[in-house]
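*Asks:* Going down the list, the protein sequences come from chains B and E. Each step along the first sequence adds one to the number in the numbering used here, with nothing skipped, and position 315 is 315. Each step along the second sequence adds one to the number in the numbering used here, with nothing skipped, and position 23 is 23. We treat Cβ as the ideally placed atom computed from N, Cα and C, and that holds for glycine. This one's a predicted model, so the numbers in the text were calculated from it and none came from an experiment. I'd like to ask some things about the structure below.
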Amino acid sequence: MLFIKLLKYLRGYVTLTATGGFPERFINLCKRCGIELSELRCSSGEITAKTDLVSYKKIRYAAKNSGMRVRILGKKGLPFILKRNSHRIGVPIGVAVCIVLTVILAGRIWRVEVTGNSAVSQAEIISVFEKLGVRKGVASDSVDIGRTEIEAMRHLPEMAWLNVNISGSTAVIEVRESVERPETDAPDPAPSNLVASRDGQIVTLRPFSGTREQKVGNSVLKGDLLISGITVNKDQSVSFCKAEGYVTARTVHNIETQAKSKVNGKIIADERKTGIIHFLVFDIPLGRASGGFRQRFSLNINSVELPVGFTFIRKESLRKTETALSKDRAVLLAELEFSAACSEEFRGIEIERVILRNDNGAVKGEFTCLENIGEEKLMEIEEISG
Amino acid sequence: MKNRINRAGRRESFADSISRSLDIPADAVCNFAHIEMSGNREISVEGCLGVLEYAEKHITLNTGRLTVKICGCNLTVSSMQNGMAVIKGEITCIEFGN
C-alpha cells in the first residue's frame with residue numbers, strides 16, 4: 001500500500017469533488033473512459049475521489065454526460081512540486097549535480113581500513129598500499145586486487161597473508177602477521193661479576209650462580225665484589241660463569257631541594273589559529289599551514305569516517321620570563337620538587353625510615369631503604385698462550 | 001442459452017448444470033461475480049460491470065446476472081479497475097437481486 005502511495009505521489013494526483021447530476025452515471029462513464037477513480041466517497045449526492053493527472057484531463061466528457069460539476073479540491077505529487085519550482089533553475093541543476101556526483105563518487109575508494117595487524121603499524125601498511133594504487137580517490141574498478149596483494153607481500157615481508165576486499169567505497173585490508181622462529185641456540189653468556197651499586201649493609205645474599213664473596217651483615221662500598229663469576233672446581237681448575245644472585249642491602253639516600261626566589265618559565269607571546277579543510281582527496285589550507293599543534297576532526301556517520309573533515313592548527317610562539325616568588329610559594333615549589341625527586345629515586349625500593357627537615361626553605365630528607373644493590377660487571381679475561 | 005428445470009423445480013442454464021455436475025466453480029463457467037470479503041471491512045467484487053446506485057449507506061453494483069447491494073457506513077470505493085471493485089468501510093449486509 002505504501003508503494004502504491006509512493007507511485008501515486010510520483011505520478012501526481014488530484015482530489016476532486018463532483019456535485020449535481022447522476023453520480024452513478026458519472027462513475028460508470030469514468031470506468032468506461034478508463035479514468036481511474038480511487039478513494040471514491042459519496043455523501044448527499046456529492047462525490048469525492050482521487051485521480052491521476054492524465055485521467056483528470058479526460059474527466060470532462062464523463063462530467064458533461066452525467067450532468068456533474070467537477071471541482072478540484074487539491075493537487076499533490078512530484079509533478080506539481082516540479083512545476084511550482086520550475087522557475088528556480090538552481091534546484092534542477094543542484095539535483096543533477098548531486099546525482100552525477102553520487103554516481104561518480106560511489107565508484108571510488110574513500111576509506112582504507114586495516115585489520116589483523118599488531119607488530120606492523122597501520123600507517124606502514126597503508127603507505128605500502130598507497131604506493132601500489134589502493135588509496136583514497138582511486139576508482140574501485142581500476143584496482144587489480146590480485147597483483148596488488150602479491151606486490152604488497154613483497155613490500156611487507158612480515159606478513160604471512162594479506163587480502164584486499166573492496167566493499168562499496170571502503171577498502172578493507174586484512175592481514176595476518178608471521179611469527180618469528182625463536183632462537184633455540186642461545187650464545188653462552190659472557191662471564192661477569194656482581195658488584196655493589198651503592199654503599200650499604202648487606203641484609204640478604206642469595207647467589208644463583210658464581211661464588212659468594214660477602215656475608216650477611218657486611219658493610220660494602222660501591223663497586224665491592226658481591227658474587228664472583230670465577231668458580232674453583234674440585235681439581236683446582238677455574239671456570240668462568242655469569243654471576244647471578246639477589247643481594248639486598250640497607251642503604252641511605254639523602255635528597256635535598258632548595259627554595260628558589262625566582263623561577264624561569266615560558267609564556268605564550270603570540271598565538272595564531274588556522275586550519276585545513278579536507279574534502280575527498282583535496283586539502284584546502286586556510287592560511288600558512290606548517291608546524292604547530294594539529295587536531296583533526298572528521299565527519300562520521302554510523303562510526304564510518306567520511307572523506308570530509310577539518311584540521312585545526314594552533315601555532316604559539318613562547319617567550320622566556322623570570323618570575324619572582326614569595327617565600328611561601330618558594331617553599332611549596334621546593335616541596336613539590338622534593339616530592340618529584342623522591343618518586344623518581346625510590347622506584348622499586350622499600351623505605352624503612354625517613355627523617356625530613358625544613359631548613360630555611362630547603363627541604364631535606366634522609367631515607368633508610370632496603371634495595372637490590374647487585375650490579376653486573378663484565379670480567380676482563382686475557383688469554384695467555386703457552 | 002436454453003434454460004432447464006432442475007430437481008428442485010428451479011430453472012437453471014446449461015452452464016449451471018455443467019458446473020454443478022462437473023463440480024467446477026460457478027463463477028468460472030456461469031458468468032457469476034467472484035466476491036471476496038475481509039471481515040466486514042473490505043469486499044472485492046470481481047466481474048463488476050458498473051454502479052447502479054451510490055448512496056451514503058449503500059452501493060449497488062451490477063455484476064451481469066445479479067445485482068449486489070452492499071449496505072454499511074463510511075463506504076468508499078477504493079478502486080474500480082478491470083471489472084473489479086474494492087469497497088472499504090463498515091459493511092453491515094449484502095443483498096443480491098436479479
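Would the stretch 179-197 of chain B count as touching the stretch 365-379 of chain B if we require 3 or more Cβ pairs under 8 Å?
*Replies:* With a cut-off of 8 Å, the stretch 365-379 of chain B and the stretch 179-197 of chain B count as touching, because enough Cβ pairs lie within range.
*Asks:* Between Arg154/B, Val134/B and Ser178/B, which has its C-alpha nearest Ala171/B's C-alpha?
*Replies:* Indexing the first sequence from 1 puts residue 171/B at position 171. Here the closest residue by C-alpha is Val134/B.
*Asks:* Do you know whose CA, among Gly223/B, Val112/B and Met159/B, lies nearest Ser140/B's CA?
*Replies:* For this step, residue 140/B is matched to residue 140 along the first sequence. Looking at the Cα atoms, Val112/B is the closest of the given residues.
*Asks:* Quick check: the Cα distance between Tyr54/E and Arg25/B, rounded to an integer number of angstroms?
*Replies:* On the second sequence, position 54 is the one that residue 54/E refers to. On the first sequence, position 25 is the one that residue 25/B refers to. Cα to Cα, Tyr54/E sits roughly 10 Å from Arg25/B.
*Asks:* Determine whether the beta carbon atoms of Arg296/B and Thr274/B lie at a separation below 8 Å.
*Replies:* Counting from 1 along the first sequence, the entry for residue 296/B is found at position 296. Counting from 1 along the first sequence, the entry for residue 274/B is found at position 274. In this structure, Thr274/B does not lie closer than 8 Å to Arg296/B by Cβ.
*Asks:* Take the Cβ of Lys2/E as the centre, count every other Cβ of all protein chains shown within 10 Å, and call the residue buried at 16 or more, exposed below.
*Replies:* Taking the first residue of the second sequence as position 1, residue 2/E is located at position 2. Because Lys2/E carries a pLDDT of 49, less than 50, the predicted location of this residue cannot be relied on, and the following value inherits that uncertainty. The residue is exposed, with fewer than 16 neighbouring Cβ atoms inside 10 Å.
*Asks:* Taking one C-beta from the stretch 325-337 of chain B and one from the stretch 207-227 of chain B each time, how about it: are there three or more such pairs within less than 8 Å?
*Replies:* No: fewer than three Cβ pairs fall under 8 Å.
*Asks:* Considering only the alpha carbon of each residue, which of Lys64/B, Ile4/B, Arg11/B and Leu10/B lies closest to Ala18/B?
*Replies:* Against the first sequence, residue 18/B aligns to sequence position 18. The residue with the shortest Cα to Cα distance from Ala18/B is Lys64/B.
*Asks:* Is it buried or exposed for Asn193/B, if we count other Cβ within 10 angstroms and need 16 for buried?
*Replies:* Residue 193/B sits at position 193 when you count from the first residue of the first sequence. Looking at its Cβ environment, which holds 16 or more other Cβ atoms inside 10 Å, Asn193/B is buried.
*Asks:* For a contact defined as C-beta to C-beta under 8 Å, what are the partners of Leu66/E on chain B?
*Replies:* On the second sequence, residue 66/E is found 66 positions in, with the first residue counted as 1. None at all; the shortest Cβ gap to chain B is about 17 Å.
*Asks:* Below 8 Å on the Cβ atoms is my guess for Ala341/B versus Lys262/B; work out the distance and round it to an integer in Å.
*Replies:* Position 341 of the first sequence, counted from the start, is the residue given in the question as residue 341/B. Position 262 of the first sequence, counted from the start, is the residue given in the question as residue 262/B. Contact doesn't hold; Cβ gap of about 20 Å is too wide.
*Asks:* Per DSSP, which residues does Arg250/B bridge with? Please list them.
*Replies:* As a first step, residue 250/B is located in the first sequence; it is residue number 250 there, counting from the start. Partner(s): Gln201/B and Leu370/B.
*Asks:* Terminal residues of the continuous alpha helix (DSSP H) containing Val128/B?
*Replies:* As a position in the first sequence, residue 128/B is number 128, starting the count at 1. Run containing Val128/B: Gln122 to Lys131, per the alpha helix (DSSP H) assignment.
*Asks:* Ignore the nearest five residues each way along the sequence and tell me which others in Gly21/B's own chain have a CB closer than 6 Å to its CB.
*Replies:* As a position in the first sequence, residue 21/B is number 21, starting the count at 1. Excluding sequence neighbours, Gly21/B sits near Ser66, Gly67 and Met68.
*Asks:* Quick check on this structure: which residue in Met84/E, Thr92/E, Ser79/E and Gln81/E has the alpha carbon closest to the alpha carbon of Lys69/E?
*Replies:* Indexing the second sequence from 1 puts residue 69/E at position 69. If we check each option's Cα against that of Lys69/E, Thr92/E comes out closest.
*Asks:* Give the interface partners of Ala33/E over in chain B, defined as CB-CB distance under 8 Å, in chain order.
*Replies:* Stepping through the second sequence from its first residue, residue 33/E is reached at position 33. None at all; the shortest Cβ gap to chain B is about 15 Å.
*Asks:* Kindly list the residues whose CB is nearer than 7 Å to the CB of Asn233/B, restricted to its own chain and excluding five residues on each side of it in sequence; keep chain order.
*Replies:* Numbered from 1 along the first sequence, position 233 holds the residue referred to as residue 233/B. Within the same chain, Asn233/B has close Cβ partners Ser239.
*Asks:* Report the residue from Asp283/B, Thr321/B and Ser118/B whose alpha carbon sits nearest the alpha carbon of Asn264/B.
*Replies:* In the first sequence, the residue the question calls residue 264/B occupies position 264. With distances taken between Cα atoms, Asn264/B lies closest to Thr321/B.
*Asks:* Consider the Cβ of Ala26/E: report whether some Cβ of chain B lies at a distance smaller than 8 Å.
*Replies:* Sequence index remark: in the second sequence, residue 26/E carries index 26 (1-based). For Ala26/E, the answer is no, since every Cβ of chain B falls outside 8 Å of its Cβ.
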